[in-house]
Amino acid sequence: MISVAFPRTVVRTGAALFALWALSFALSYVPLGPAALPVAIGIAAVKAALVVAFFMELLHGTLSMKLTLLAAGALLAFLIGLMVADIATREPPPLVPFGTHAGRPTADLPTR
Amino acid sequence: MTAGAQLAADEVSSQGEVEELEGHFESLEQQAQAARLGMWVFLATEVLLFGAAFALFISYQVHYPGAFRQSIEHNAKVLGTVNTGVLLTSSTLVAGAVHALRGGNRRWSSWLLAGTIGLAFVFLGIKATEYAKHFAEGIYPGGAGHFFVEHHERGTAEFWTLYYLMTGLHAVHVTIGIGVLGVLLVKIVRGRIGKLSAHKLEVGAIYWHLVDVIWIFLWPLFYLA
Chain P
1 MISVAFPRTV VRTGAALFAL WALSFALSYV PLGPAALPVA IGIAAVKAAL VVAFFMELLH
61 GTLSMKLTLL AAGALLAFLI GLMVADIATR EPPPLVPFGT HAGRPTADLP TR
Chain U
1001 MTAGAQLAAD EVSSQGEVEE LEGHFESLEQ QAQAARLGMW VFLATEVLLF GAAFALFISY
1061 QVHYPGAFRQ SIEHNAKVLG TVNTGVLLTS STLVAGAVHA LRGGNRRWSS WLLAGTIGLA
1121 FVFLGIKATE YAKHFAEGIY PGGAGHFFVE HHERGTAEFW TLYYLMTGLH AVHVTIGIGV
1181 LGVLLVKIVR GRIGKLSAHK LEVGAIYWHL VDVIWIFLWP LFYLA
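Residue numbers (this note's numbering), protein chains in the order written: chain P, 1 to 112; chain U, 1001 to 1225.
Here it is in structure tokens:
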């Protein structure tokens, strides 16, 4: 009866998810510095991929389903890509006296 | 379609369950496929909704890594981790329920589905405990509460506001999931959904797995990294 409800795929996927869950929790006690967040998100991505492929059965899904998810993923990548581009290219506001432009004094103010 | 042809197109299982073919579909398989695709299209919109919130979190995290680090250390790590285990278990159970129903085992499927719903309530209970703990500490959304008088470093209020926004939005999804799976459970118990219409449970289960996937990403962001 159990074998009917829990085919090997479900059991293995569940076991893999719990192994990764334990790994992620254990790694949170290891001082990884700035690598901690990318590592934790990387493990989460693997877990999400397992759920989507085997529990949600996208692996055996039709092309239309895969394209739907792909479109969402592409739009999300576009959104995050533009946000990263914005944040990475921001400069601190220039500290210049009021009434002047950065590095270029205006015509009506005396220059020093 | 004539009544005779309609009867031929509908399928009747040995347990008396009837899966009706709607007039605008050519076959039951096509009908099931349309239901699955509909859920995937909905999930695509959910990915964008939560994706935007995740992008916002990451951009604040990049700006204020110190405040985010301290806030994560202050968060209820054990409760969050237990809740992750609860959702992973519930996802495994509902995947089992789908397979059981496909195999014609309605009884076993109902038990597994009931277990899934029970774990969803456990999740919400733990979440409520967590919120109560933070409220008692004076942490409210928008930087309100006495906690922020001592912890006024830029980024702290942003972290806790995003925490309430994103986990709250997720909790709404869990609540909806309880409703969806509850209706399916009643229909399975009453024999309205069985082997022939297993795709209906499948569609509900796919939604539940999405709720699990979202939490899989929320957990490291707010409790671990």
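Every residue gets a Cβ at the ideal spot worked out from N, C-alpha and C, and that includes glycine.
Source: prediction; values computed, not measured.
Check whether residue i and residue j have beta carbons under 8 Å apart
i                  : j                  : result
Val-46 (chain P)   : Leu-20 (chain P)   : yes
Leu-1288 (chain U) : Ser-1110 (chain U) : Within the shown structure, residues of chain U are numbered from 1001 to 1225, placing residue 1288 (chain U) beyond reach of any answer.
Trp-1208 (chain U) : Thr-1116 (chain U) : yes
Ala-1198 (chain U) : Arg-1102 (chain U) : yes
Ile-1072 (chain U) : Tyr-1223 (chain U) : yes
Glu-1046 (chain U) : Leu-1210 (chain U) : yes
Ala-1100 (chain U) : Leu-1112 (chain U) : yes
Ser-64 (chain P)   : Leu-1037 (chain U) : yes
Whole-angstrom distance between residue j and residue i, CA atom to CA atom
i                  : j                  : result
Leu-76 (chain P)   : Phe-1217 (chain U) : 15 Å
Gly-1145 (chain U) : Thr-1156 (chain U) : 12 Å
Met-83 (chain P)   : His-1152 (chain U) : 26 Å
Lys-1187 (chain U) : Val-1078 (chain U) : 36 Å
Gln-1031 (chain U) : Leu-1021 (chain U) : 7 Å
Met-1 (chain P)    : Ala-1067 (chain U) : The predicted model places Met-1 (chain P) with a pLDDT of 48, which falls under 50 and marks its position as unreliable; any figure quoted below should be read in that light. In a straight line, the C-alpha of Met-1 (chain P) is about 52 Å away from that of Ala-1067 (chain U).
Pro-7 (chain P)    : Ile-1126 (chain U) : 30 Å
Phe-78 (chain P)   : Val-1062 (chain U) : 19 Å
Thr-1084 (chain U) : Gly-1023 (chain U) : 43 Å
Val-1018 (chain U) : Leu-1196 (chain U) : 8 Å
Ala-48 (chain P)   : Val-1213 (chain U) : 5 Å
Gly-1142 (chain U) : Leu-1165 (chain U) : 10 Å
Val-10 (chain P)   : Leu-1087 (chain U) : 15 Å
Phe-1121 (chain U) : Thr-1167 (chain U) : 15 Å
Tyr-1064 (chain U) : Ala-36 (chain P)   : 15 Å
Met-1001 (chain U) : Gly-61 (chain P)   : Because the pLDDT at Met-1001 (chain U) is just 48, under 50, the model does not fix this residue reliably, and the point stays unresolved.
Ile-1139 (chain U) : Ala-1076 (chain U) : 13 Å
Lys-66 (chain P)   : Ala-72 (chain P)   : 10 Å
Cβ distance (whole Å) where residue i is taken to contact residue j below 8 Å
i                : j                  : result
Thr-68 (chain P) : Val-1203 (chain U) : That belief does not hold up - the Cβ atoms of Thr-68 (chain P) and Val-1203 (chain U) are roughly 14 Å apart, past 8 Å.
Residue i versus the options, residue with shortest Cα-Cα distance
i                  : options                                        : result
Pro-1220 (chain U) : P:Gly-81, P:Ala-71, P:Phe-25                   : P:Phe-25
Gly-33 (chain P)   : U:Arg-1069, U:Ser-1091, U:Gly-1191             : U:Arg-1069
Leu-1056 (chain U) : U:Ile-1176, U:Thr-1081, U:Val-1189, U:Thr-1161 : U:Thr-1161
Asn-1105 (chain U) : U:Gly-1177, U:Gly-1194, U:Thr-1081, U:Thr-1092 : U:Gly-1194
Ala-1171 (chain U) : U:Ala-1044, U:Ala-1225, U:Leu-1124, U:Ser-1027 : U:Leu-1124
Ala-1114 (chain U) : U:Tyr-1060, U:Ser-1090, U:Ala-1035             : U:Ser-1090
Ala-1230 (chain U) : P:Gly-81, P:Thr-89, P:Val-39                   : Residue 1230 (chain U) is absent from the structure shown; chain U starts at 1001 and stops at 1225.
Contact set between the segment 60 to 74 of chain P and chain U, restricted to residues whose Cβ is under 8 Å from the partner
Gly-61, Thr-62, Ser-64, Met-65, Thr-68, Leu-69, Ala-71, Ala-72, Gly-73
By the 7 Å beta-carbon criterion, what residues does the segment 1183 to 1208 of chain U contribute toward chain P?
Ile-1206
Give me the subset of the segment 1018 to 1046 of chain U whose CB atoms are less than 7 Å from a CB atom of chain P, sorted by chain position.
Gln-1033, Arg-1036, Leu-1037, Trp-1040, Val-1041, Ala-1044
Any C-beta of chain U within less than 7 Å: which residues of the segment 16 to 39 of chain P qualify?
Leu-17, Phe-18, Trp-21, Ser-24, Phe-25, Ser-28, Ala-36, Leu-37
For the segment 1141 to 1171 of chain U, which residues have a beta carbon sitting closer than 8 Å to at least one beta carbon of chain P?
none
Which residues, taken in chain order from the segment 1077 to 1094 of chain U, show a beta carbon closer than 7 Å to some beta carbon of chain P?
Thr-1081, Thr-1084, Gly-1085, Leu-1088, Ser-1091, Thr-1092
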